[in-house]
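Step one of this worksheet: look at the structure below.
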Amino acid sequence: MSNDIPKGLRLNDLGGTEIVCGRFRNHRFPRHSHDGLMLSLVDDGTQGIRYRGETHLGGRGVLIAMPPNEVHAGEPLDDNGWCYRTITIPTAFVQSFSGVRNTHFLCATVIEDDDLIDAMAMLFNLFGDASLLEQEEAIMTVLGRFMAAHTNEPPPQNKTGTEARAVRVCKAFLTSQTGQNVSLANLEEVAGIDRFRLVRSFTRLVGLPPHAWHLQYRLRTAQDMLSRGHPIAEVTYSTGFADQAHLSRTFKRLTGLTPGYYRRTHLALLDI
Numbered sequence: 007m008s009n010d011i012p013k014g015l016r017l018n019d020l021g022g023t024e025i026v027c028g029r030f031r032n033h034r035f036p037r038h039s040h041d042g043l044m045l046s047l048v049d050d051g052t053q054g055i056r057y058r059g060e061t062h063l064g065g066r067g068v069l070i071a072m073p074p075n076e077v078h079a080g081e082p083l084d085d086n087g088w089c090y091r092t093i094t095i096p097t098a099f100v101q102s103f104s105g106v107r108n109t110h111f112l113c114a115t116v117i118e119d120d121d122l123i124d125a126m127a128m129l130f131n132l133f134g135d136a137s138l139l140e141q142e143e144a145i146m147t148v149l150g151r152f153m154a155a156h157t158n159e160p161p162p163q164n165k166t167g168t169e170a171r172a173v174r175v176c177k178a179f180l181t182s183q184t185g186q187n188v189s190l191a192n193l194e195e196v197a198g199i200d201r202f203r204l205v206r207s208f209t210r211l212v213g214l215p216p217h218a219w220h221l222q223y224r225l226r227t228a229q230d231m232l233s234r235g236h237p238i239a240e241v242t243y244s245t246g247f248a249d250q251a252h253l254s255r256t257f258k259r260l261t262g263l264t265p266g267y268y269r270r271t272h273l274a275l276l277d278i
């Protein structure tokens, strides 16, 4: 997976671990987050990562890290873009494979650690050929070193119990409404607080407003369905997009890939 054509894979045998490899020249990733730990190796060029009010530069010879559910954006610095290999390990996998229950942590965005980078490179070389057991052991090695050497507790947030509860309730409701057009009135009703306070609280605690968070969730559902070979028309309907063109535009904006290409890649693997 080291060529320049971007490719994304969802490894369902590894709990939905996601891999994206390839070169992105003009694509700008909007503000988003991942339901898991994202680790990237840049093989060429430089990626700019906008995170917590700063722009970090990730180039060859460093590791880019992003904790679960932290909102960030990515962009090229020049016409050459950047070529990278990135893995997003779901939160549940981070917990089970690292032995750490609390996955609410912070870390440096750009990390210099030769041993960890070597372990990451070895992990990527295993995908596709090695046994599931060997891949799992390699993930444990990466997570063990990363969690021990590069994570720290975030500062406490100033949040009320009412607002935190409202956000939890809204997230649960939104995940149950994957294919539905949800309104603020719906969220206001389930949360039990007025919509203005709700949107402010959700955005402050999550980092994204409710509509953006819901869109991410719908796209993750689309990725899961596409990776299992579901037809694009079915995916479009199930995830609430107006039509396939709408799904395609939104999917590519957030992932850098088209749904058709993503699905074909997985179908090739499913046929092996």
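Each residue of the sequence shown is one higher than the one before, starting from 7 at the first, in our numbering.
Even glycine gets a Cβ: it sits at the ideal position worked out from N, Cα and C.
What runs of the alpha helix (DSSP H), each 4 residues or longer, lie entirely inside the segment 170-239?
190-197, 201-212, 216-233
Note down the Cα distance separating Leu297 from Ala274, rounded to an integer number of angstroms.
Outside the displayed range of the chain (7 to 278) lies residue 297, so it cannot be described from this structure.
Scan the segment 45-77 and note each continuous beta strand (DSSP E) run of 3 residues or more that stays entirely inside, going in chain order.
60-65, 69-72
With a cut-off of 8 Å, do at least 3 Cβ pairs link the segment 43-56 to the segment 64-73?
yes
Could you check the C-alpha separation between Pro265 and Gln229 for me, to the nearest Å?
Counting from 1 along the sequence shown, the entry for residue 265 is found at position 259. Counting from 1 along the sequence shown, the entry for residue 229 is found at position 223. About 8 Å.
Skipping 5 residues on each side, what residues in its chain have a beta carbon closer than 8 Å to that of His156?
Your numbering for residue 156 matches position 150 in the sequence shown. Hits under 8 Å: Ala71, Cys113, Ala114, Ile117, Asp119, Leu122.
Backbone secondary structure at Glu81 - three-state DSSP:
Locating residue 81 in the sequence shown gives position 75, where the first residue counts as 1. DSSP places Glu81 in strand when its eight states are reduced to three.
Proximity below 8 Å, CB of Leu221 to CB of Tyr268:
Your numbering for residue 221 matches position 215 in the sequence shown. Your numbering for residue 268 matches position 262 in the sequence shown. Contact flag unset, no.
Between which residues of its own chain and Thr271 is the CB-CB distance below 8 Å, once the five residues before and five after are set aside?
On the sequence shown, position 265 is the one that residue 271 refers to. Same-chain partners within the cutoff: Lys13, Gly14, Leu15.
Grouping DSSP H, G and I as helix and E and B as strand, with all else coil, what is Glu118?
Here the question's residue 118 lines up with position 112 in the sequence shown. It is coil, neither helix nor strand.
Secondary structure of Pro265, DSSP reduced to three states
One-based indexing of the sequence shown puts residue 265 at position 259. The answer is helix: DSSP assigns Pro265 an H, G or I state.
Just checking: is the beta-carbon of Arg29 within a distance shorter than 8 Å of some beta-carbon in chain C?
The structure shown contains no chain C; it holds only a single protein chain.
Would you kindly work out how many angstroms separate the C-alpha atoms of Met7 and Met128, rounded to a whole number?
Counting from one through the sequence shown, the residue named residue 7 turns up at place 1. Counting from one through the sequence shown, the residue named residue 128 turns up at place 122. Below a pLDDT of 50, predicted positions are generally treated as unreliable, and Met7, at 48, falls in that range; the measurement from the model is reported next regardless. Straight-line Cα distance between these residues: approximately 13 Å.
Looking at Gly87: is its Cβ nearer than 8 Å to the Cβ of Arg151?
Here residue 87 corresponds to residue number 81 of the sequence shown, with the count starting at 1. Here residue 151 corresponds to residue number 145 of the sequence shown, with the count starting at 1. Not closer than 8 Å, so no.
Can you have a look at Pro216 and say buried or exposed, based on whether 16 or more other CB atoms are within 10 angstroms of its CB?
To locate residue 216, count along the sequence shown from 1; it is residue 210. Buried: at least 16 other Cβ atoms inside 10 Å.
Three-way DSSP call (helix, strand, coil) for Asn158 in this model
Within the sequence shown, residue 158 is the residue found at index 152, counting from 1. Strand at Asn158.
For Ser207 and Leu17, the rounded distance between their alpha carbons:
Position 11 of the sequence shown, counting from 1, holds the residue named residue 17. Position 201 of the sequence shown, counting from 1, holds the residue named residue 207. So the alpha carbons of these two residues sit roughly 34 Å apart.
Between the C-alpha atoms of Ile55 and Gly213, what's the straight-line distance to the nearest angstrom?
Within the sequence shown, numbered from 1, the residue matching residue 55 stands at position 49. Within the sequence shown, numbered from 1, the residue matching residue 213 stands at position 207. Rounded to whole angstroms, Ile55 to Gly213 spans 16 Å at the Cα level.
So what's Phe152 in DSSP terms, helix, strand or just coil?
As a first step, residue 152 must be located in the sequence shown, where it is residue number 146. Helix, per DSSP.
For Tyr90, the residue or residues it bridges with in DSSP:
On the sequence shown, residue 90 is found 84 positions in, with the first residue counted as 1. Tyr90 is bridged to Gly28, Val48.
Using a threshold of 8 Å, state whether the C-beta atoms of Tyr243 and Thr184 are closer than that.
As a first step, residue 243 is located in the sequence shown; it is residue number 237 there, counting from the start. As a first step, residue 184 is located in the sequence shown; it is residue number 178 there, counting from the start. For Tyr243 and Thr184, no; Cβs fall outside 8 Å.
Below 8 Å on the Cβ atoms is my guess for Phe179 versus Leu190; work out the distance and round it to an integer in Å.
As a working note, residue 179 is residue 173 in the sequence shown. As a working note, residue 190 is residue 184 in the sequence shown. Contact doesn't hold; Cβ gap of about 12 Å is too wide.
For Asp50, which residues of its own chain have a beta-carbon under 6 Å away from its beta-carbon, when the five flanking residues on both sides are left out?
Walking along the sequence shown from the start, residue 50 turns up at place 44. Within the same chain, Asp50 has close Cβ partners Cys89.
May I ask which residues mark the beginning and end of the beta strand (DSSP E) holding Pro36?
Along the sequence shown, read from residue 1 onward, the residue named residue 36 stands at position 30. Run containing Pro36: 35-38, per the beta strand (DSSP E) assignment.
Contacts around Thr94, its chain only, beta-carbon distance under 6 Å, and the 5 residues preceding and following it disregarded:
Numbered from its first residue, the sequence shown carries residue 94 at position 88. Counting only Cβ-Cβ distances below 6 Å, and skipping sequence neighbours, we find Glu24, His40, Gly42, Met44.
With distances taken from CA atoms, which of Leu20, Gly22, Cys27 is nearest Leu263?
In the sequence shown, counting from the first residue as 1, residue 263 sits at position 257. When each option's Cα is compared against that of Leu263, the closest is Cys27.
Is the distance from the Cβ of Leu260 to the Cβ of His38 below 8 Å?
Along the sequence shown, one-based indexing puts residue 260 at 254. Along the sequence shown, one-based indexing puts residue 38 at 32. A contact, by the Cβ cut-off of 8 Å.
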